[in-house]
Each structure stands twice: as C-alpha cells, then as structure tokens.
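So the structure is just underneath, and the comments pick up after that.
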Amino acid sequence: EAGVAQSPRYKIIEKRQSVAFWCNPISGHATLYWYQQILGQGPKLLIQFQNNGVVDDSQLPKDRFSAERLKGVDSTLKIQPAKLEDSAVYLCASSFTGRGPEAFFGQGTRLTVV
Amino acid sequence: AQTVTQSQPEMSVQEAETVTLSCTYDTSESDYYLFWYKQPPSRQMILVIRQEAYKQQNATENRFSVNFQKAAKSFSLKISDSQLGDAAMYFCAYRSEVGNEKLTFGTGTRLTIIP
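Those protein sequence lines, which keep their order, are chains A and B.
Numbering-wise (the numbering used here), the first sequence opens with residue 15 and increments by one.
Numbering-wise (the numbering used here), the second sequence opens with residue 215 and increments by one.
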C-alpha cells in the first residue's frame, strides 16, 4: 500500500510571495489533514477534510491560507502572501474512518520564508 | 480543549538500555485514544503505539510499551533494548473517540542513543 505522498520536499520563497503544497493521501482514506509544525513544536492542525468537505478549519489563517480537496482525493494547501512566521514543516496525513483511529503521515514539506 | 504536555525536551540512553518518555494530558472526555509517534530526521511521523482509553491493559509493540494511568492522565512510553535507529523526536498525541478526529500533539522529546 502506497503511503501519503507530498510535494515538494523543500521550498524557499521570499516574504509576500505565494506557494502551494500538494498531497495525495492513501487510497481509500476519506479523511485528510494538513498540519503545520514550527521548529521545536508539535504539529498543529490547520484544516481537516472529510471527502471533499471541510470538517475543521478553525486554526487556518484564512486571510492568507487556503486549501481545497477536489474530488475527495488530492489536496492543495496555498499560502498567499507568505510571512516570515510561516516558515515551518507542512505535514499532510490521512485516515480511514472505521478502520482504526490512526492517521498516516507524509514526509512533509519544509518551507523557508526569507 | 485538550492539551498534551511532554516535560522532557531531551533524553539520552545507552544502546541496549531502557528509557521511559513521559506524557501527561488534560481532557474532560472519557473516551479517547492516545498515541506515540516517532519523527526521524526524514520528518515523516511514524506511529509507534496506540492506546484506547477504555482498555485497562497497557499496549505493547515489540520493544515498545506504555504505562497508561487514566486517573492520573499519564501516558508514558518505555523503550527496551534501545537501538541506534530509535534516535528521533517522539511525540505524544491525543484524539477524541467521538466527533473531531484531529490529533493534539505535545511538544516532543528528542531521544539520543549513545553507542
């Protein structure tokens, strides 16, 4: 079974530029999460999708962050415009409701805003 | 809201020895899950072990075991026969059994294995 795929692995941008991250969850997983992990901290949930609907986006800075999950499979997270404090690792995870509570994570994208 | 606290930013252990990582959490719920995830330098979060709150028996996965104290809201991870490959950040995480499935993480413990 293929794992959660994310791209790119690394990205360096200047502040005020825009950036997008892509995630392909494990096949059949209805729930998809985007987490932000700032250096020295644990991951924090940005947004959670169930199929292509948003379940929780309470901690997503909606003035600059947006996310979509078209057709309930792949997802894209966008930041526009980026700020220095957005430098972090962005982790995508997926889970299969009804088959255990575990979430499976991708390798993440390390974003550096300069 | 639930919170997870890991009070040991760093731990070290000699290879082949045993180490215990601590985690406490705060919740008003009675049904939930607790997890330990490992994050090596590759950044991918890898599930180590999980515990259902309704189970009294502590979970075990090979060299990894937990000490789950529900009344004390404590959930420690014991790694036996430590190996070099165990070196990583370890995160304790909480998830409700009902409602939102999001994970709430602690701040992590960096584990170093001394050869």
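Even for Gly, the Cβ is constructed at its ideal location relative to N, Cα and C.
| Check | Outcome |
| --- | --- |
| Sequence-distant residues of the same chain with beta carbon closer than 7 angstroms to leucine 261 of chain B, five excluded per side | Phe249, Tyr251 |
| Option nearest lysine 85 of chain A by Cα separation, candidates A:Asp71, A:Ser21, A:Thr45 | A:Thr45 |
| Closest by C-alpha distance to glycine 120 of chain A, when choosing among A:Val127, A:Val128, A:Ser109 | A:Ser109 |
| Helix, strand or coil at aspartate 100 of chain A according to DSSP, with G and I counted as helix | helix |
| Residues that glutamine 258 of chain B contacts on chain A, provided the C-beta gap is smaller than 9 angstroms | Gly17, Val18, Leu105, Phe119, Gly120, Gln121, Gly122 |
| Runs of beta strand (DSSP E) lying entirely within the region 229-272 of chain B, each at least 3 residues, in chain order | 233-235, 238-240, 246-253, 260-266 |
| Glutamine 51 of chain A to valine 69 of chain A span [Cα, whole Å] | 20 angstroms |
| Glutamine 258 of chain B beta carbon near the ligand NAD (any heavy atom closer than 6 angstroms) | Within the structure as shown, the ligand NAD is missing, as the structure has no ligands at all. |
| Cβ-based neighbour list, glutamate 315 of chain B, same chain, cut-off 7 angstroms, excluding 5 preceding and 5 following | Arg309 |
| Rounded C-alpha distance that separates lysine 292 of chain B from arginine 30 of chain A | 45 angstroms |
| Continuous beta strand (DSSP E) assignments of at least 3 residues falling wholly in the region 54-125 of chain A | 58-64, 67-70, 79-82, 89-93, 102-109 |
| Contact list for phenylalanine 305 of chain B against chain A, beta-carbon separation under 7 angstroms | Gly56 |
| Burial state of threonine 219 of chain B, where buried means 16 or more other Cβ atoms lie within 10 Å | exposed |
| Min CB distance glutamate 99 of chain A to chain B below 7 angstroms | no |
| Contact check, proline 254 of chain B vs alanine 302 of chain B, beta carbons under 7 angstroms | yes |
| Leucine 317 of chain B in three-state terms, based on DSSP | coil |
| Near-chain B residues of the region 61-79 of chain A (beta-carbon distance less than 8 angstroms), N- to C-terminal order | Gln62, Val69, Asp70 |
| Status (buried if at least 16 other CB within 10 Å, exposed otherwise) for threonine 318 of chain B | buried |
| Span of the beta strand (DSSP E) around valine 18 of chain A | Here valine 18 of chain A belongs to no beta strand (DSSP E), and DSSP marks it neither H nor E. |
| Whole-number beta carbon distance between tryptophan 36 of chain A and aspartate 88 of chain A, since they are thought to touch under 8 angstroms | 7 angstroms |
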